[in-house]
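Enquirer: This is the structure, below, for whatever I ask next.
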Amino acid sequence: MFACLVLISIPNSFCAESDDNQQYVSCNNPFECVNVRTSLPPRRFTVPPRKFLVPSRRLVDRRALQEQIPGPGGVAGLAVLIGIVAIVIVVIALIIFCCLRGACSIIWCCLKSACSIIWCCLKSACSIIWCCLKSACSIIWCCLKRACSIICCCLRRRRRRGSNNSQVRRRIDANLDDFYADKILRSYGSIAPRRYTYAEVKKLTTSFKDKVGQGGFGVVYKGTLDDGRDVAVKVLNETKGNGEEFINEVVSISRTSHVNIVALLGFCYEKTKNKRALIYEFVSNGSLDRFLNNKGSSNTNCHLDIRALFRIAVGVARGLEYLHRGCRTRILHFDIKPHNILLDEHLCPKISDFGLAKICKTNESIVSMTGMKGTIGYIAPEVVNRCLGGVSHKSDVYSYGMLILAMVGGRREEFPDGTSQSSENYFPNYIYTKLERRSEGLHRFGEITREEEDTIHKMITVSLWCILANPSDRPSMSKVIEMLEGSLQSLQLPPKPSSVSPPRSPQESSNSESIPL
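Read in order, the letters of the sequence shown are residues -16 to -1, 1 to 501 in mature numbering (1 follows the signal peptide of the UniProt record, and there is no 0).
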């Protein structure tokens, strides 16, 4: 639009100027011609007029002036030329503008397309990477989950295998123990004790209702067999002992058939439940300890005279002699004390409680022991101090001697003359001196006959032989029976005992509870 206006306005200006110039050229007197246009006001010249009277010098020739002033055709051509140049410039400018605009549009479109492509590529790449990461995480999670499941299953299987193996091992051990038990029972034939199940033991005792005693190895209940006989059922404490050893011990004890040994009627052994029980004949009067401490049963007289005590001493000696020499295998009791001597209705003594018993061959004189066995006050010195000698059947002889002294009242917590127990006059030196002088205070009885006094002296003399410190100096149980059944005059006093004495408890066995087996 601007270019068109320029082209229109340029020729008009040239045309106007050409008309004026035409009038100017056609005028004969240019200085007086009214066609000459000027904006200057008329001036009054003071120059003498004569200066203007020479026209030939100042006036321009018309013809020359016309030659100097271009004609209408030249001006128009110049205008056309200028217009053409302007048009060309405008066209070039338009072309350049259009080119630049198109180039900018193309560049913008290219940049926009490139950015779109790059954004799409980045977006696609991010989507692909995210999908890959998501898939990888899912795969890793599934693998970990599967691995954990496999590990848990393996651990469970191993645990089940371990438990199954332990159960199988226990079952094998139980079956082996049952096999050994049955084999041993068959080897002993008819003399073997009967084997009861734990359910049968529970039925015998009416669900362990009547408790009659308790010891260091278990609890004793009263029961009744199917034939009506009363029995004492001793349920042993749960231990981890060897089943074969327990069966051997049970069978060996069951082979003992002696009037002065409590009879073993049966046993119970279940390795899987770790249940063990011994079924003995029931002894109604309980233990000797109850009589010595005036705690006998209500239906019997608590007082035991000297004759009854002597018969009891001989009966216990016969029972020990049978255990040491009468059986096919030697049985060492290791726990002879008043608490383990039971009395029946006829006051016949019966040795019971073989919980500490040791079984050995007859020709073996020394046995091996781990730890101390027995009750303090009745333990042989060699059991405590192995330097004094080996442990053998002479240890039961020592316990028997202490039992006799307890029966006649020689073992007292306080001596009549106030002698300290810790002095060198402590037992058995004290008893030996009293016996040698035949002084009073040897027994707990009051006025007695001469015969009864001789019986007491005989029992004390035998007990002093039994409690000698050196095991080899003690007599055997066969010799003890011979000494008891012989006369007092044939007995000699033993050598004076040494100062070695076994440990003693403050209250001995006076507070022991009865276990009527």
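Here a beta-carbon is modelled for each residue, glycine too, at the ideal position from N, C-alpha and C.
Just so it is clear, the structure is predicted and the values come from calculations on it, not from any experiment.
For Cys93 and Ile80, what's the separation of their Cα atoms in angstroms?
Expert: The straight-line gap from Cα to Cα measures roughly 19 Å.
Enquirer: Hey, how far is the Cα of Arg42 from the Cα of Val59?
Expert: Because Arg42 sits at a pLDDT of 49, beneath the cut-off of 50, its placement in the model cannot be relied upon, and the following sentence gives the value as read from the coordinates. Cα to Cα, Arg42 sits roughly 27 Å from Val59.
Enquirer: In this structure, does DSSP put Leu139 in helix, strand or coil?
Expert: Note: Leu139 maps to helix in three-state DSSP.
Enquirer: Using three-state DSSP, classify Asp438 as helix, strand or coil.
Expert: Reduced to three states, the DSSP call for Asp438 is helix.
Enquirer: Alpha carbon to alpha carbon, how far is Ile263 from Gly250?
Expert: Those two C-alpha atoms are separated by around 5 Å.
Enquirer: Give the secondary structure of Phe251 by DSSP, where H, G and I count as helix, E and B as strand, and everything else as coil.
Expert: The answer is strand: DSSP assigns Phe251 an E or B state.
Enquirer: What are the uninterrupted segments assigned as beta strand (DSSP E) that are 3 or more residues long and contained completely in the region 303 to 376, given in chain order?
Expert: If we require 3 residues or more, the beta strand (DSSP E) runs fully inside the region 303 to 376 come out as 314 to 316, 325 to 327, 333 to 335 and 342 to 344.
Enquirer: Report yes if the CB atom of Lys442 is closer than 7 Å to the CB atom of Leu472, and no otherwise.
Expert: In contact: Lys442 and Leu472 (Cβ atoms closer than 7 Å).
Enquirer: Tell whether a beta-carbon distance below 7 Å holds between Val446 and Met461.
Expert: In this structure, Met461 does not lie closer than 7 Å to Val446 by Cβ.
Enquirer: Is the region 242 to 261 touching the region 212 to 224 in the sense that three or more CB pairs, one from each, lie closer than 8 Å?
Expert: The region 212 to 224 vs the region 242 to 261: in contact.
Enquirer: In this structure, does DSSP put Gly61 in helix, strand or coil?
Expert: Correct three-state label for Gly61: helix.
Enquirer: Decide yes or no for the touch test of the region 331 to 339 against the region 363 to 382: beta carbon pairs closer than 8 Å, at least 3 of them.
Expert: Cβ pair count under 8 Å is below three, so no.
Enquirer: Return yes when the Cβ of Ile296 is within less than 7 Å of the Cβ of Tyr382, no when it is not.
Expert: Cβ distance not < 7 Å, so Tyr382 and Ile296 don't count as in contact.
Enquirer: For Ser271, does the three-state DSSP call read helix, strand or coil?
Expert: In the structure shown, Ser271 sits in a strand (DSSP, three-state: E or B).
Enquirer: When the distance is taken between beta carbons, is Val203 closer than 7 Å to Leu209?
Expert: The answer is no: Cβ separation not under 7 Å.
Enquirer: Mark Pro479 as exposed unless 16 or more other C-beta atoms lie within 10 angstroms of its C-beta, in which case mark it buried.
Expert: Looking at its Cβ environment, which holds fewer than 16 other Cβ atoms inside 10 Å, Pro479 is exposed.
Enquirer: Using 8 Å as the Cβ pair cut-off and three pairs as the minimum, do the region 431 to 439 and the region 287 to 306 touch?
Expert: The region 431 to 439 vs the region 287 to 306: in contact.
Enquirer: Give me the Cα-Cα distance between Pro412 and Ala364, rounded to the nearest whole angstrom.
Expert: So the alpha carbons of these two residues sit roughly 13 Å apart.
Enquirer: Considering Val185, what are the terminal residues of the alpha helix (DSSP H) in which it resides?
Expert: Residues Tyr182 to Leu188.
Enquirer: Which same chain residues, not among the five before or five after Leu307, have their C-beta less than 6 Å away from its C-beta?
Expert: These residues qualify, in order along the chain: Ile315.
Enquirer: Taking Phe266 as the reference, give the member of His377, Tyr205 and Ile76 with the closest Cα.
Expert: The option with the nearest alpha carbon to Phe266 is Tyr205.
Enquirer: Under the assumption that Arg312 contacts Arg239 (Cβ atoms under 8 Å), give the Cβ distance between them as a whole number of angstroms.
Expert: About 7 Å separates the two Cβ atoms, so the contact holds.
Enquirer: Can you tell me the Cβ-Cβ gap for Leu326 and Val246, rounded? I've got them flagged as a contact below 8 Å.
Expert: About 6 Å separates the two Cβ atoms, so the contact holds.
Enquirer: Can you tell which of Ile350, Ile112 and Arg178 has the C-alpha that lies nearest to the C-alpha of Cys252?
Expert: Nearest C-alpha to Cys252: Arg178.
Enquirer: Once DSSP output is grouped into helix, strand and coil, what is the label at Thr445?
Expert: Residue state, collapsed to three classes: helix.
Enquirer: Between the Cα of Gly358 and the Cα atoms of Cys344, Ile71, Arg421 and Val375, which residue gives the shortest distance?
Expert: When each option's Cα is compared against that of Gly358, the closest is Val375.
Enquirer: With DSSP as the reference, identify every bridge partner of Gly207, one or two as the case may be.
Expert: According to DSSP, Gly207 bridges with Val215.
Enquirer: Can you grab the Cα-Cα spacing for the pair Asp328 / Asn269, in whole Å?
Expert: Taking the straight line joining both Cα atoms gives about 5 Å.
Enquirer: Considering only the beta carbon of each residue, do Gly212 and Thr189 sit closer than 7 Å?
Expert: Not a contact, by the Cβ cut-off of 7 Å.
Enquirer: Short of 6 Å in beta carbon distance, which residues of its chain neighbour Ile237, apart from the five on each side in sequence? Order them along the chain.
Expert: Correct list, in chain order: Leu248 and Phe338.
Enquirer: Which same chain residues, not among the five before or five after Ser191, have their C-beta less than 7 Å away from its C-beta?
Expert: So the list is empty, once near-sequence residues are dropped.
Enquirer: DSSP has Gly202 in a bridge; who is on the other side?
Expert: Its beta-bridge partners are Leu220.
Enquirer: For Gly61, count the other beta carbons within 10 Å of its own beta carbon; 16 or more makes it buried, fewer makes it exposed. Which is it?
Expert: By the 10 Å Cβ count, Gly61 comes out exposed.
Enquirer: Could you give the distance in angstroms between the alpha-carbon of Val392 and the alpha-carbon of His427?
Expert: Roughly 5 Å separates the two Cα atoms.
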